[in-house]
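*Asks:* This is the structure I have questions about; it appears just below.
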Amino acid sequence: MEPQDLTKVVLLACGSFNPITNMHLRMFELARDFLEDTGQYIVVRGIISAVGDGYKKKGLIEACHRVDMARLATDTSDWIKVDAWESQQPDWVETAKVMRHHYKELVTAEQNNDDVDTAKKRRIEETKHAFEEPSSYHTRRDDGPQLKLLCGADVLESFGVPNLWKHEDIAEIVGRYGLVCITRNGCDAHKFIHQSEVLWKHRKNIHVVREWVTNEISATHVRRALRRGQTVRYLLPDPVVSYIREHGLYSAESEQKNADVILAPLQRHTGPSSS
């Protein structure tokens with residue numbers, strides 16, 4: 001298949017990035033290799049979107065620091081970039097809404113491309129308006145770039161946690177956009193998909209990528225090591241390690257931040273307005 005016939009894909013990773021680790025970056029590379037090896041796709045961009053402070057997760061440091069560290073981590077990448085829109089919102093934003101925002105940005109950029117013919121621009125405009133309505137998640141252009149959510153197996157499994165995700169958001173994410181899930185040892189992503197009605201319905205839009213090189217780096221383990229004064233070199237990019245040291249981040253005190261606060265999704269989805 002000629003390059004011009006391949007479907008362009010943009011990978012979007014949403015999360016705390018508290019802090020960003022080498023494994024976060026590795027996920028992008030694994031996903032790109034997997035998709036391009038199919039012979040159907042070409043990955044043109046990766047986007048890191050850090051959750052805002054309104055998420056209220058225990059131990060979540062200020063978004064400005066997390067975004068700065070992510071930018072340092074991706075400074076040498078020619079295709080992975082950081083977008084601060086989500087992190088700058090005053091309240092927590094559902095992942096489905098974040099994806100809507102980035103897809104609209106994506107199709108707007110393509111519409112403004114001088115190389116796109118008039119008929120295609122018209123289709124792009126129609127799609128852009130359709131994607132503004134959550135109920136139209138079945139609409140997807142086959143001739144334009146696709147936006148897919150890049151995540152780890154923990155996110156896939158979290159779809160089953162009561163009140164953490166809205167059912168319609170899960171359906172929108174996997175049905176309208178698509179999912180690229182990086183699995184780890186001890187996780188049977190295919191079994192989880194089989195057991196979920198909504199995931200099974202959209203299984204052809206879910207790409208499961210196996211990481212064969214054992215890598216159990218997690219931000220939780222990194223924060224624990226930092227609190228104990230242990231080295232985290234080679235777990236994080238060197239500029240991120242220097243940034244953490246310079247700003248004195250990840251102390252015992254910071255780990256208790258939001259300890260007595262209900263996580264934003266649980267608070268929103270179980271509150272009076274959710275009924």
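In UniProt numbering, the protein residues as written are 1 to 275. We put the CB at the ideal spot given by N, CA and C, even for glycine.
Just to confirm before moving on: does the CB-CB distance between L149 and L35 stay below 7 Å?
*Replies:* The residue given as residue 149 occupies position 149 in the sequence shown. The residue given as residue 35 occupies position 35 in the sequence shown. Result no, Cβ atoms of L149 and L35 do not sit closer than 7 Å.
*Asks:* By the 10 Å Cβ neighbour count, where 16 or more other Cβ atoms means buried, how is V161 classified, buried or exposed?
*Replies:* Against the sequence shown, residue 161 aligns to sequence position 161. Exposed is the call here.
*Asks:* Is it buried or exposed for T74, if we count other Cβ within 10 angstroms and need 16 for buried?
*Replies:* On the sequence shown, residue 74 is found 74 positions in, with the first residue counted as 1. When all chains shown are included, T74 counts as buried.
*Asks:* Tell me which residues share the same chain as G152 and place their Cβ nearer than 6 Å to its Cβ, disregarding the 5 neighbours each side in the sequence.
*Replies:* As a working note, residue 152 is residue 152 in the sequence shown. The residues are I182.
*Asks:* When the Cα of A259 is compared with those of N22, K58, H101 and A63, which residue comes out closest?
*Replies:* Residue numbering aside, residue 259 sits at position 259 when the sequence shown is read from its first letter. Among N22, K58, H101 and A63, the Cα nearest to that of A259 belongs to K58.
*Asks:* Between the C-alpha atoms of E246 and G229, what's the straight-line distance to the nearest angstrom?
*Replies:* For the purposes of this step, residue 246 is taken as residue 246 along the sequence shown, with counting starting at 1. For the purposes of this step, residue 229 is taken as residue 229 along the sequence shown, with counting starting at 1. Taking the straight line from one Cα to the other gives about 14 Å.
*Asks:* Report buried or exposed for C64, applying the criterion of at least 16 other Cβ atoms within 10 angstroms of its Cβ.
*Replies:* Position 64 of the sequence shown, counting from 1, holds the residue named residue 64. Answer is exposed; the Cβ neighbour count stays below 16.
*Asks:* Return the CA-CA distance between K128 and V213, expressed in angstroms with no decimal places.
*Replies:* On the sequence shown, residue 128 is found 128 positions in, with the first residue counted as 1. On the sequence shown, residue 213 is found 213 positions in, with the first residue counted as 1. Because K128 sits at a pLDDT of 49, beneath the cut-off of 50, its placement in the model cannot be relied upon, and the point is left open.
*Asks:* Are L164 and A189 touching if we call contact CB-CB under 7 Å?
*Replies:* As a first step, residue 164 must be located in the sequence shown, where it is residue number 164. As a first step, residue 189 must be located in the sequence shown, where it is residue number 189. No, they are not a contact pair.
*Asks:* Taking the runs of the beta strand (DSSP E) that are 3 residues or longer, which of them lie wholly in the region 169-220?
*Replies:* DSSP runs (the beta strand (DSSP E)) wholly in the region 169-220: 179-183 and 206-210.
*Asks:* Hey, quick one: how far does the alpha helix (DSSP H) through V67 stretch, first residue to last?
*Replies:* Along the sequence shown, one-based indexing puts residue 67 at 67. Segment A63 to A73, the alpha helix (DSSP H) holding V67.
*Asks:* Could you name the residues of the same chain whose beta carbon sits closer than 6 Å to that of T95, not counting the 5 residues immediately before and after it, in chain order?
*Replies:* For the purposes of this step, residue 95 is taken as residue 95 along the sequence shown, with counting starting at 1. The answer, listed in chain order, is C14.
*Asks:* Closer than 8 Å is the cut-off here; do at least three beta carbon pairs connect the region 232-246 with the region 43-53?
*Replies:* Short answer: they don't touch.
*Asks:* From what residue to what residue does the alpha helix (DSSP H) around A259 run?
*Replies:* Taking the first residue of the sequence shown as 1, we reach residue 259 at position 259. Looking at the DSSP string, A259 is not in any alpha helix (DSSP H), and its letter there is neither H nor E.
*Asks:* Leaving aside the five residues before and after M23 along the sequence, list all residues of the same chain whose C-beta is less than 7 Å from its C-beta, in chain order.
*Replies:* Counting from one through the sequence shown, the residue named residue 23 turns up at place 23. Closer than 7 Å at the Cβ level, and outside the excluded window around M23, lie N215 and I217.
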